[in-house]
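Residue numbers (the numbering used here): 22 to 261.
The C-beta atom is built at its ideal place from N, Cα and C for all residues, glycine as well.
Input: a single structure, listed below in structure tokens.
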Amino acid sequence: SGEFPLRKNPPNPAKPTYYVGPADGHQEQSSEGFFDTRPVTTVPKPEGVIRELKARCIKVYDGDTITCVVDIPENDVPTKVRTLVLELKQAISDGNKSEASSINRQLKELGFSWEKASDKIYRQFRVRVRGIDAPEASQSFGVVAANYTRALCGDRNVTLRIYTTDQYGRTVADVLTDEGKLLQHELLRAGMVWHYGRHDKRPDFHELEEEARRLRKGLWSEDNPIPPWDYRRKNRGDGE
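Printed below as a string of structure tokens:
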């Protein structure tokens, strides 16, 4: 859950440039399915955002970490990935679950995934939601926070406002739901997460946390909730 120190020269978190929409907050039309021409959101864009990216959230790890996929034009799919997808289709056809699972792992390691229903290949990457810290799964409200995030963006289109990539290769981004709501705002308002003020100084984040505390919402209903960075430090020796 922790937001880790950033690389001095992070790799491009959205590698192919055709994923990137114009800087005015609108997305270009694309036949690939994720982009449209409507304004992305009315939420002001903070400083430090290097690009906006339309994606789909396919997995929620916890309250502040998700996996997303983006469309990739067919002619930009690496040959090795194409070969693996063909092998995956054959393994599925043969009913070889073990082989299919192994190939899926290889695709994931390469940063790709294949969707059977649409027969499309996607680029896949993990996103660390910026400026918040969710309870660990083994903490009180850890599962509740993850489910809250899942309800807001799980298996839905999202807009990522990307800042950088952390030292673990995760894309650090604000996440906007398909309703144009900032995920961090919703989680803070509901008392599902802490404002991670060590890495993010936005005053609106602090104010939302303070309001949730005052109303004893979510994890603030407990008398002394343990911040996840303290929990991590105690249980694995680091606070990140």
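Inter-residue CB distance, residue i and residue j (contact presumed, cutoff 8 Å)
i, j, result
"Ile-153", "Leu-105", "With a Cβ gap of about 35 Å, Ile-153 and Leu-105 do not count as contacting."
"Asp-187", "Arg-149", "6 Å"
"Arg-253", "Glu-157", "7 Å"
"Val-81", "Leu-197", "With 8 Å as the limit, Val-81 and Leu-197 do not qualify as a contact, their Cβ atoms being about 16 Å apart."
"Thr-180", "Glu-73", "6 Å"
"Asn-178", "Lys-75", "7 Å"
"Leu-236", "Leu-204", "Contact flag wrong, Cβ pair sits at about 20 Å."
"Gly-296", "His-227", "A query on residue 296 cannot be resolved here, the shown segment of the chain reaching from 22 to 261 and no further."
"Val-193", "Arg-151", "5 Å"
Extent of the continuous alpha helix (DSSP H) to which residue i belongs
i, result
"Thr-100", "100–115"
"Leu-262", "The requested residue 262 is not part of the displayed model; the chain covers only 22 to 261."
"Leu-229", "224–236"
"Glu-207", "204–210"
"Arg-253", "249–257"
Close-in-space but distant-in-sequence residues of the same chain around residue i (CB under 8 Å, 5 per side omitted)
i, result
"Ala-121", "Leu-109, Ala-112, Ile-113"
"Val-102", "Leu-128, Leu-131, Phe-133, Ile-142"
Contact set for residue i: own chain, Cβ-Cβ below 7 Å, skip 5 residues either direction
i, result
"Lys-238", "Ala-211, Gly-212"
"Val-214", "Gly-84, Asp-85, Ile-153, Asp-154, Ala-155, Ala-166, Leu-208"
"Asp-244", "none"
"Ser-134", "Val-90, Leu-128, Tyr-143, Gln-145"
"Lys-202", "none"
Environment of residue i [buried if 16+ CB atoms lie within 10 Å]
i, result
"Glu-200", "exposed"
"Arg-182", "buried"
"Thr-170", "buried"
"Asp-115", "exposed"
"Pro-99", "exposed"
"Asp-195", "buried"
"Asp-140", "exposed"
"Glu-230", "buried"
"Ala-4", "In the structure as shown, the chain starts at 22 and stops at 261, and residue 4 therefore has no counterpart that could be examined."
"Arg-77", "buried"
Start and end residues, beta strand (DSSP E) containing residue i
i, result
"Ser-134", "133–136"
"Asn-178", "177–186"
"Gln-145", "141–150"
"Arg-77", "72–83"
"Ile-87", "86–92"
"Thr-192", "192–197"
6 Å CB neighbourhood of residue i in its chain, flanking five on each side removed
i, result
"Pro-16", "Since the first residue shown for the chain is 22 and the last is 261, residue 16 is missing from the structure and cannot be characterised."
"Leu-240", "Phe-162, Gly-212, Pro-246"
"Ser-51", "The predicted model places Ser-51 with a pLDDT of 37, which falls under 50 and marks its position as unreliable, so this point remains unresolved."
"Arg-147", "Thr-88, Arg-191"
"Asn-125", "none"
"Ile-93", "Arg-144"
beta-carbon residue i near the ligand PLP non-hydrogen atom, thresh 7 Å
i, result
"Asp-140", "For the ligand PLP, the structure offers nothing, since it holds no ligand at all."
Residue-level contact to chain B via CB, residue i, 8 Å cutoff
i, result
"Ala-155", "No chain B is part of this structure, which consists of one protein chain only."
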